[in-house]
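Visitor: So that we are looking at the same thing, I have put the structure below in structure tokens.
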Amino acid sequence: MAATPIQKIPTLTGEKAKRFIERADSSERPALSISEQQRKMYAALSEKNQQNSLFIEVPSF
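Next up, the structure:
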């Protein structure tokens, strides 16, 4: 079995590392716009899911 040489893992340094961290920061993420129709659909589906979760039958053994 042949041994594989250990390779240096590339890392970000300097300005590239700074930009990467700034982009990864959650406060830098753009806000998604949601239409009123999407908001109503989500609310209806959430309510239906909530109602369905109340009626889960537990099998008896």
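Residue numbers (this note's numbering): 228 to 288. Think of the CB as a built atom: it goes at the ideal place given N, C-alpha and C, for glycine as much as any other residue. Model, not experiment: these values are computed from the prediction.
Quick test of your reading: L239 and F247, contact by CB under 8 angstroms. State the CB separation rounded to the nearest angstrom.
Guide: Confirmed, Cβ separation roughly 5 angstroms.
Visitor: By DSSP, does Q234 sit in helix, in strand, or in coil?
Guide: Coil.
Visitor: Is DSSP giving S260 helix, strand or coil here?
Guide: Coil, per DSSP.
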